[in-house]
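Numbering (my numbering), first residue to last: 12 to 342. We put the CB at the ideal spot given by N, CA and C, even for glycine.
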Ligand code: DAS
């Protein structure tokens, strides 16, 4: 009898692990063993090693959970796993997956999955998502692609994926790009590969950093900029309109913050596409903002840029390194 490859499954919590208690509302209850036991077919794919890292909902996830997950995944690979699956709440799954993607230093696939419907609901998607994630994690073709997000039989790069709908099981999409593969008949059908991979960044400390994300509103008076400064942020991420535009009042207020030493970066608030650099030249345009010192995030979303700044700042990167790294990752 041929020995099956080992895939490690680390559970962090989320709807995939929730059960109804009291009123019928769900909360995290099931551990990694429970999740794996609910999908007997997994044993046809791989020899599964299940481990509970945490059991929390998305809003409770902090950097130490991500570093614990990284340590678990590295250990699993060192012990011979061909790939690793992490289960996670879907609400902040994209940030955790991207955080890990910035640090993952192995060829073995690291796949993050979750569920939109809890196990007690008809049509619960957790078991199918776990199965597909294990298929991807055990696939030779997924090696070297960094961190992948697999739900709804669809395979996304962690660096491109976003949760785009509050309830749909198809919520994970890569706006402006699309998925790189699909799972069908228990196989990974990989269609696309990233043109560029990045060197892993230094592992940061587990300390949380205060980095607000603010979306610039219509008729922006810029008052929020000064309000934010009073809480001593380590950096500020602005979701600016269009290709990176602010009102002149907001631009002036940001310039003052940068003179006071705050790092300010921006992305487009449209949800996909890139910031530009030299297309518009009025006060508050992307050219003006960059000239004043704001770092453009390119194709990164605000959530992704915040994670990248977190990793860079908490490992002590200087402003030039941050500017260059954001330029590379956002291009
Ligand atoms: N929205 C839930 C989920 O899909 C809750 C969470 O993210 O923890 O997992």
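- Residue pairing by DSSP puts residue 61 in a beta bridge opposite 20.
- According to DSSP, residue pairing for residue 98 in a beta bridge involves 22, 124.
- Taking every protein chain shown into account, the CB of residue 32 has fewer than 16 other CB atoms within 10 angstroms, so this residue is exposed.
- Secondary structure in the region 261-333: the beta strand (DSSP E) runs of 3 residues or longer, each lying completely within the stretch, are 274-279 in chain order.
- Sequence-distant Cβ neighbours of residue 201 in its own chain, meaning closer than 6 Å and more than five residues away, are 152, 192.
- Relative to the ligand DAS, the nearest heavy atom lies less than 7 Å away from the CB of residue 102.
- With a threshold of 7 Å, the Cβ atom of residue 125 counts as near the ligand DAS, since some heavy atom of the ligand is closer than that.
- Annotation for residue 27: no beta strand (DSSP E) segment contains it, and DSSP assigns it neither H nor E.
- Going by beta carbons, residue 80 and residue 111 fall inside the 8 Å limit.
- Check the Cα spacing between residue 125 and each of 312, 165, 224: the tightest is with 165.
- Under the rule that a run must span 4 or more residues, the alpha helix (DSSP H) segments found entirely inside the region 207-260 read 234-240.
- In this model, residue 234 and residue 324 are separated by some 26 Å (Cα to Cα).
- The alpha-carbon of residue 281 is positioned some 15 Å away from that of residue 184.
- Under the DSSP assignment, residue 76 falls in the alpha helix (DSSP H) whose first and last residues are 74-89.
- For residue 340, the secondary structure class from DSSP, reduced to helix, strand or coil, is helix.
- The region 303-316 makes contact with the region 271-288, as at least three CB pairs between them are under 8 Å.
- Here the region 176-183 makes no contact with the region 111-120; the two share fewer than three CB pairs at distances below 8 Å.
- Secondary structure at residue 43: helix, using DSSP grouped into helix, strand and coil.
- Note that the C-beta distance between residue 173 and residue 190 is not below 8 Å.
- Residues 29, 30, 32, 68 of the same chain have their beta carbon placed closer than 8 Å to that of residue 38, with the five preceding and five following residues left out of the count.
- Excluding sequence positions up to five before and after residue 77, its CB lies within less than 6 Å of the CB of 107, 110, all in the same chain and listed in chain order.
- With respect to residue 290, residue 252 sits apart: the two C-beta atoms are not nearer than 8 Å.
- Distances taken from the Cβ of residue 68 to the heavy atoms of the ligand DAS include one shorter than 7 Å.
- Distance from the CA atom of residue 236 to the CA atom of residue 150, rounded to whole angstroms, is 47 Å.
- If only complete runs of 3 or more residues are kept, the region 105-152 shows the beta strand (DSSP E) at 121-124, in order along the chain.
- When distances are taken from the beta-carbon of residue 137 to the heavy atoms of the ligand DAS, even the shortest one reaches 7 Å or more.
- The alpha-carbon separation between residue 295 and residue 265 amounts to approximately 10 Å.
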